[in-house]
Structure formats: C-alpha cells, structure tokens
Amino acid sequence: MTQKETLKNIWTLVSISSSIDRDNNTLSLFDILEELTVQVSGTMPDQAVVPVNHTLMSVWSREDASKPMSLKFKILLRDSHGKILHENEAEIKLAEGNKNARFRAQLNGFPVTSEGQYRYEVISLEPEKTGGKELVNTVNIEVHFAQQAVKSPLSPA
628 MTQKETLKNI WTLVSISSSI DRDNNTLSLF DILEELTVQV SGTMPDQAVV PVNHTLMSVW
688 SREDASKPMS LKFKILLRDS HGKILHENEA EIKLAEGNKN ARFRAQLNGF PVTSEGQYRY
748 EVISLEPEKT GGKELVNTVN IEVHFAQQAV KSPLSPA
C-alpha cells in the first residue's frame with residue numbers, strides 16, 4: 628500500500644452536542660467537553676454513569692481518492708487508572724472521489740470510577756491503512772468530584 632493510500636485522523640473532539648446542516652453539510656460543535664465535575668453526596672460507588680449525553684466527532688482524510696476505501700477502528704474510554712470503561716467498534720467508508728469522512732458517535736452517559744484524567748482513544752484495527760499507527764488520536768477529559776451537602780429531611784428549611 629502506498630503512502631498516498633493512507634487514511635489520517637485529522638482531529639477528534641468530544642462535545643455535548645453537534646449538528647450537521649442538511650443544506651450545506653456544515654458541521655457545528657457545541658460545548659466542547661474538556662472537564663467534567665461530578666456532584667457527589669456521600670461516598671462515591673466503584674463505578675457510576677453520569678447522565679451527560681455527549682458526542683465524539685472524528686474527521687478523517689486521505690490524499691488519493693481514486694478508489695473506494697474503508698477503515699475499521701474502535702473507540703475506547705479509559706479512566707484515570709487505564710481501565711477500559713467503554714469500547715465501541717466502527718467503520719468509515721469513503722467512496723471513490725471522496726477525500727474526507729466524518730464519524731460521529733452519540734454517547735449516552737459518561738462512566739466514572741474516580742477523579743483524574745480520562746481518555747478517549749481512537750484505535751485503528753487496520754494499521755496498514757493508517758501509516759502503521761494503531762493509536763491514531765486521543766481526547767483527554769479531566770474528571771473532578773465535588774462534595775454536595777446532604778440536607779436532612781428533619782432540618783429546618
């Protein structure tokens with residue numbers, strides 16, 4: 628496979644929401660997710676899912692668009708200790724003549740186990756198509772816990 632047939636991950640971001648305009652195919656990303664503060668009352672369970680829907684968006688590009696091309700890859704979410712909390716396989720397909728492709732995964736909830744830096748990883752399952760790279764991109768999200776005071780039902784308002 629020649630270098631021109633290599634597919635590159637141009638960028639990957641995580642946002643709270645995204646939109647693709649049907650008329651002109653423009654992409655809008657809203658509220659890029661870099662940090663997440665989790666309100667905790669009492670003790671934190673070993674694993675919880677924060678009810679925050681979010682979107683992982685990835686843009687891919689290639690130089691040679693003379694023939695169709697596809698790529699199988701997976702998205703992993705690792706906690707601050709490296710434990711895999713979420714894994715999803717996907718495939719992008721580029722038709723002849725198309726140099727760029729977008730991938731959008733809409734995710735319901737964000738699993739957390741502890742405070743620290745979490746990381747989404749984009750991993751090629753066909754590294755021969757990504758210049759020999761398996762890990763093609765990462766997105767870091769810092770997770771913080773904030774103690775929330777628990778009000779007793781017997782205390783005055």
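Numbering (the numbering used here), first residue to last: 628 to 784. Ideal Cβ placement from N, Cα and C applies to all residues, glycine included. Fair warning: this is a prediction, and the values are worked out from it, not measured in the lab.
A straight-line Cα-Cα distance of about 8 Å links I768 and Y747.
If you ignore the 5 residues before and after H771, its C-beta comes within less than 8 Å of the C-beta of E662, L663, T664, V665 and E742, all in its own chain and listed in chain order. Looking at the backbone, the Cα of G669 and that of A773 are separated by about 11 Å. Along the length of the segment 729 to 777, whole alpha helix (DSSP H) runs at least 4 residues long do not occur.
Cβ-Cβ distances below 8 Å link S642 to L656, F657, D658, I659, L660, H681, T682 and M684 in the same chain, with the five nearest sequence neighbours on each side left out; the list follows chain order. Residue pairing of M696 in beta bridges, as defined by DSSP: L721. Secondary structure at E632: helix, using DSSP grouped into helix, strand and coil. In the three-state reduction of the DSSP assignment, D658 falls in the strand class.
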